[in-house]
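See below:
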């Protein structure tokens, strides 16, 4: 409690008085946020417009993560290569990094960091000599721009697919909403919403629309600024019409029977302190980032009156988004659960160096065998819905979680909207679940 | 997938705002698309030694229409309609229905003793079989067989499960005022199976005793709710004050008419029986005396409506509520009618009047997440004033009551059981304390019911086995209900289960039996309270299969 009070006081002081250390070096800023300003990465033989398949995949093995290499090698999918483009984050986030990040430092223990206000806390290039470099990259992800200050996936289709038979077993239609209470830079109020007595950092609210048996199921996750405090998680079950607190065990469970844990959302949806983070290096790698409007679309799943359609899927079992992949600078980070009873042994995160979103993950089971492959396709906001243009949000636009061992996958098709009016603060509290549930 | 129907309405002027009393002028609103969803279901249950006990066919449809409005942030109309036909009364009319009958009262849950000579067997569906009893039961337990076959279609329009308009008004300070008007369920409390605070809507136990989801057996009422959503403040993460005004005509719980396949504590048969008091040598009676003389009917009046207030909020790891409610007892209270003032023997035209006394409730609930145990504790409590409990010598006694439940929920991953999904372990302990307990009350001063739910998921949640166990300590009665549900796709769901009960052997020293020369403990009628809903149904072991197609 004392720590939380001190943290709040320091944050308030920094906010009110603008007290800060010397500005962070502009070179560091430019390198962190605009890595392609002076040129895009290259790989021998790799060109935009080409397709990587079984025949040529060995040539590009070093530009692929191990799971994607195996899928292509086995003929489960092919990979279309697109041009590397800059995903510039919103200028307000970059400016906040300049303003607030010069003196951010880690605390003594994992999950502890000096007071931060907004922006990327550790914009400096990670060093293999720094034993806590992985943890700093994890903080950059936690306080990343992600969905910006608030956004909605409205609607969001999840399909459960048998990878061998290609049968779609279930289709779940949901709405997802995201809101940052603190670390806000582009949507008023800045940098925080008040009152906020528990010092919440961020909340995710999920409402299931279809099918009937899970209709009105709602999930609310409230994450604290104090990373050592376990999330508040609430579940509303439509047939019971009441809100139930969740134990954290449920965050590592299959969400609504999908292949996705709550902890998997967005590449990692947990506390920094839940994992031991290791930085494994920087590399240029093909990652699923593209322009939505230039991809094959799937009008059968979703086509609304404004003409928006979702990304199409193909490959084995329909488990692979039909998108182009870019060669980009990524940080390879490994996370190992602190809890020995956690159902996984580790995740390999391939973090996009410019945006700090996590477009690729590989999850290993407790025996250390490769278990799941996570792809979250990112669309440039300027080639998506008109409302998203200029928001600087790398739009989560398609996902696939493949259970390699079970030969099963869950795919996600998005309509991501960066619109504050879809995410009022009172959507992220317990009462909203009761009120929306019937 | 639910169907979307874009309405062809253009600009509809709806006087909702004025109607719901916000004082705001109704403005032009535009009906947006309407979403429909629903299901058809067959539930076929087979009872040991009885045969078919349920062949229930249900069609249910729900809709929601959202309106765009300048005045309200959210304005919508919701409805749920249900049509049920239970074919058990046609397919197994030897056991259930207007022509069914028992050799003695309570034949389906105990053997014969002196009490079975004192009381006649209950009359199945008295409106079909006995106009006298039908008149005595006066609109409460006087159903016809057709009421059981198609329970949703009656004078109270029960096929309308819900129909309400709801509106959110953003206030100038950022708070939100919500008004909801119409037929609805209002849910208080956090418990499964048994109710502590969740007492605003009465319950239809004739559908499947205590075992159907409350969602399906609450009897919706015409109500007005108002919520002032204040959101966070400097102390609480969330704060809401809500009011519920149940202005519907009072309806008690439906306990199941004699002749129906589910009658909680077999009360329906007791109410439609008579006492063979003419057998008392030298007594004043020439014929059996009906157990019930009359049922107190509460005509609609403002004074008969019911009102509740709730304040709830979130403080750190705890969510809490404080509740107050003035309502009518939903279980019948039997008021003894003496043959003359002060006389110990009943009137010749009926032993009891059924009354539903006014009750005041004060209670609250807390959900607390324990980080150390990684589990959630639930505590719910209700103190009532004005309830009446049954007793042997005088039919009833008014007494304050305390009910509480402690719940514990935890998710556990057990790889040994062949799935990486977490199992849900949920346990509850219900307690009931009668403050002014008397020795001649069949209910003990303190009693507890423990429940356990253990549920797992396989095949991406499409296969889900579970077991529910409930044990009534006072009744020494237990129910085991294992089941498995399977959803091959979005539309179909199959559920197979069994429901096995034990116990039901408790007896009670019923004073009336002593008039017939037997002072040993008896089974009728007060032992039904001692044995509770599980024990009284101990001969209702069943195999159950449900098939549902959702759209």
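Protein chains in written order, with the UniProt record's numbering: chain A, 1 to 438; chain B, 1 to 551.
Where is the CB? At the ideal position from N, CA and C, for every residue including glycine.
Query - chain A within 8 Å of residue 83 (chain B), Cβ atoms only - result: no
Query - Buried versus exposed, by CB contacts within 10 Å (16 or more), residue 169 (chain A) - result: buried
Requested in this report: Give the secondary structure of residue 398 (chain A) by DSSP, where H, G and I count as helix, E and B as strand, and everything else as coil.
Outcome: strand
**Report entry** C-alpha distance - residue 370 (chain A) paired with residue 36 (chain A), whole-angstrom precision
**Finding:** 32 Å
Query - Uninterrupted alpha helix (DSSP H) stretches inside the segment 115-181 of chain B (no shorter than 4 residues) - result: 126-129, 131-137, 145-149
Query - alpha helix (DSSP H) segment containing residue 431 (chain A), residue limits - result: 430-436
Query - Bridge partners - residue 279 (chain A), DSSP secondary structure assignment - result: A:333
Query raised in the report: What number of angstroms, rounded off, separates the C-alpha of residue 373 (chain A) from the C-alpha of residue 258 (chain B)?
Result: 60 Å
Requested in this report: Could you tell me whether the Cβ of residue 411 (chain B) comes closer than 8 Å to any Cβ of chain A?
Outcome: yes
Query raised in the report: In terms of residue numbering, what span does the beta strand (DSSP E) encompassing residue 68 (chain A) cover?
Result: Taken as a continuous stretch (DSSP letters only), residue 68 (chain A) belongs to no beta strand (DSSP E), being part of the alpha helix (DSSP H) at 66-73.
**Report entry** Test: residue 21 (chain A) CB closer than 8 Å to a CB of chain B
**Finding:** Confidence at residue 21 (chain A) is low in this model, with a pLDDT of 49, below 50, so its placement is unreliable and the value that follows should be read with caution. No, its Cβ sits nowhere closer than 8 Å to a Cβ of chain B.
Report task. Given a cut-off of 8 Å, decide if residue 381 (chain A) and residue 237 (chain B) are closer than it, judged by their beta-carbon atoms. Result -> no
Report task. Please report how far the alpha carbon of residue 403 (chain A) lies from the alpha carbon of residue 460 (chain B), in whole angstroms. Result -> 11 Å
Report task. Classify residue 67 (chain A) as buried or exposed, calling it buried when 16 or more other Cβ atoms lie within 10 Å of its own Cβ. Result -> buried
Requested in this report: Sort B:402, B:86, B:221 by Cα distance to residue 207 (chain B) and report the nearest one.
Outcome: B:86
**Report entry** Among A:220, A:280, A:281, A:279, the one whose alpha carbon lies nearest that of residue 251 (chain A)
**Finding:** A:220
Query raised in the report: Is the segment 241-249 of chain B touching the segment 299-318 of chain B, taking contact as three or more C-beta pairs under 8 Å?
Result: yes
Report task. May I have the straight-line CA-CA distance separating residue 270 (chain B) from residue 539 (chain B), to the nearest angstrom? Result -> 17 Å
Query raised in the report: By how many angstroms is the C-alpha of residue 75 (chain B) removed from the C-alpha of residue 66 (chain B)?
Result: 6 Å
Query - Among A:208, A:281, A:394, the one whose alpha carbon lies nearest that of residue 436 (chain A) - result: A:208
Report task. Please work out which residues of its chain come closer than 7 Å, Cβ to Cβ, to residue 153 (chain B), disregarding the five sequence neighbours upstream and downstream, and give them in chain order. Result -> 159
Query raised in the report: Looking at the unbroken beta strand (DSSP E) that takes in residue 136 (chain A), where does it start and where does it end?
Result: Careful: residue 136 (chain A) lies outside any beta strand (DSSP E), inside the alpha helix (DSSP H) at 133-142.
Query raised in the report: Okay, do the segment 346-357 of chain A and the segment 263-270 of chain A touch, 3+ Cβ pairs below 8 Å being the bar?
Result: yes
**Report entry** residue 445 (chain B) in three-state terms, based on DSSP
**Finding:** coil
Requested in this report: Please go through the segment 317-369 of chain B and give each complete beta strand (DSSP E) segment of 3 or more residues, from N-terminal end onward.
Outcome: 318-328, 333-336, 352-355
Query raised in the report: Which residue spans inside the segment 448-512 of chain B form an unbroken beta strand (DSSP E) run of at least 3?
Result: 463-472, 477-486, 492-502
Query raised in the report: For residue 79 (chain A), which beta-bridge partners are listed by DSSP?
Result: A:52
Query - Beta carbon proximity, residue 207 (chain B) to chain A, threshold 8 Å - result: no
**Report entry** Cβ of residue 190 (chain B) within 8 Å of any chain A Cβ
**Finding:** yes
Query raised in the report: Whose C-beta lies closer than 6 Å to the C-beta of residue 153 (chain A) among residues of the same chain, with five residues either side of it excluded?
Result: 176, 414, 416
Query raised in the report: Any heavy atom of the ligand MG within a distance shorter than 7 Å of the CB on residue 282 (chain B)?
Result: As presented, the structure is devoid of all ligands, the ligand MG included, so that no description of it is given.
Query raised in the report: Taking 8 Å as the CB-CB limit, is residue 512 (chain B) close to chain A?
Result: no
Query raised in the report: According to DSSP, what are the bridge partners of residue 258 (chain B)?
Result: B:260
Requested in this report: Tell whether a beta-carbon distance below 8 Å holds between residue 144 (chain B) and residue 88 (chain B).
Outcome: no
Query raised in the report: residue 343 (chain A) CB to nearest chain B CB: under 8 Å?
Result: yes
Query raised in the report: Measuring CA to CA, which of B:134, B:370, B:44, B:239 is closest to residue 310 (chain B)?
Result: B:239
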